[in-house]
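Below you'll find the structure, written out as C-alpha cells, and then a few comments.
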Amino acid sequence: MASAGRTFAGRSHRSDTKPREIRLPPQSEAAGSTDPSQIPGQSRCDPSGGVGPVRTFVVVCTIGFLSATAFQKLRERAHPETEPPVLPAASVPAVDGAVAGVALQSGRNGHFFVNALMDGRTLPMMVDTGASSCAFSEEDAERIGIRLAPGDFTRVWNTANGTVQVAPIRIAVMQVGSITVRDVEAVVIPRGRLATSLLGMSFLKRLRDFSVSGGTMTLRG
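Quick note: the sequence shown uses our numbering, first residue 204, plus one each step.
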C-alpha cells in the first residue's frame, strides 16, 4: 500500500498522484592527479665484488615493494570492496534493422553493473530484473542531491528480507550509455538497508528490449 509522500524535481507528490522532481546541482570536476617524482641513482663499482650502493638500493626497494604488496593483499582480505568495479557500457551498432543498444559485461559475481547518469551526476547501479522499481540507497540519494525527511518514507516495499518503508520519488532523466529514459519511477531505501542501488524494471520496461547472452547483457532503447 502507498501513503502520502514527498518526491523530487520541483513539484509536490502523493502516492495517488505524481511525485515531484528535483533538479540536481552540477557536479564538480575531480582534481587531476600529479606525476610521481623521479629518484636519482648513482652507479659505482665495488672492487671486492660485493653489492654496490645502487644494487643495495635495488634490493632494499624490491624487498620493500614485496612487503607492501603482501600488506595490501592482507588489507583487501580484511576489508573487501563493497562496490565492485563497473565496466564501461559499450555501444551496440544496429544490424539488419535492429535498434542500436548498449552492451554490459557481467562482473565477477555474475551481476551486471552500470554507471547511470542523472542530471550530470554518475551513480553505480546493479541491474535487477526482479526489482519492480529502481531503488536508491539513502546514502546514494544524498550523493546525487536528494534529501529526504523521515516523513517521506510512506510506502511499504517487499524485499527478500521482509518489508521496509521506502520513499517514492521520480527521476526526471536517467541515462545509461546512449540510452535515455525520462520520468522514471523509483524509491529510496532507508540508510543502511541497501548496499548497491538497483536499476529495476521501472527503467528496463521502458526499453524496446533487453537480453542476456553468456556474460553480456544488451539493452536496446
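Even glycine gets a Cβ: it sits at the ideal position worked out from N, Cα and C.
Does Ser405 pass the burial test, meaning 16 or more other C-beta atoms within 10 Å, or should it be called exposed?
Counting Cβ neighbours within 10 Å, Ser405 comes out buried, since at least 16 surround it.
What would DSSP say about Asp412, mapped onto helix, strand or coil?
Strand at Asp412.
Using three-state DSSP, classify Leu422 as helix, strand or coil.
Residue state, collapsed to three classes: strand.
So for Pro353, helix, strand or coil by DSSP?
Pro353: helix per DSSP, three-state reduction.
Given that a residue counts as buried once 16 or more other Cβ atoms are within 10 Å of its Cβ, and exposed if not, what is Arg373?
So Arg373 counts as buried.
Using only the alpha-carbon positions, how far apart do Pro371 and Gly313 sit?
The alpha-carbon atoms of Pro371 and Gly313 are separated by roughly 29 Å.
Which same chain residues end up closer than 6 Å to Asp331 when comparing Cβ atoms and leaving out the 5 residues on each side of it in sequence?
Hits under 6 Å: Leu401, Gly403.
Pick from Gly424, Ser336, Ser414, Met377: whose alpha carbon is nearest that of Val359?
Nearest of Gly424, Ser336, Ser414, Met377 to Val359, Cα basis: Ser336.
Go ahead and label Ala363 buried or exposed: buried means 16 or more other beta carbons lie within 10 angstroms of its beta carbon, across all protein chains shown.
Exposed, by the Cβ-count rule.
Enumerated in chain order, which unbroken segments of the beta strand (DSSP E) with a length of 3 residues or greater are wholly contained in the segment 304 to 386?
Entirely contained in the segment 304 to 386, the beta strand (DSSP E) runs reaching 3 residues are, in chain order, 304 to 308, 316 to 321, 324 to 330, 337 to 340, 358 to 362, 365 to 379.
On the three-state DSSP scale, how would you describe Leu397?
Residue state, collapsed to three classes: coil.
Apply the 10 Å Cβ neighbour rule to Asp412 and answer buried if 16 or more other Cβ atoms are within range, or exposed otherwise.
It counts as exposed.
Look at the alpha carbon of Asp238 and the alpha carbon of Ser414, and state the distance between them as a whole number of angstroms.
Low confidence applies here, because Asp238 scores a pLDDT of 48, under 50, leaving its location unreliable and the question unanswered by this model.
Could you give the distance in angstroms between the alpha-carbon of Ser416 and the alpha-carbon of Leu307?
Distance between the alpha carbons of Ser416 and Leu307: 11 Å.
By DSSP's criteria, Leu402 is part of a beta bridge. Which residues make up the other side?
Leu402 pairs with Val330.
Expressed to the nearest angstrom, what Euclidean distance is found between the alpha-carbon atoms of Leu397 and Asn318?
One C-alpha to the other measures close to 17 Å.
What's the call for Ala303, buried or exposed, on a 16-neighbour Cβ count within 10 Å?
The residue is exposed, with fewer than 16 neighbouring Cβ atoms inside 10 Å.
Please name the residue in Val305, Val367, Val384, Gln368 whose C-alpha comes closest to that of Ala375.
Of the listed residues, the one whose Cα sits closest to Ala375 is Val384.
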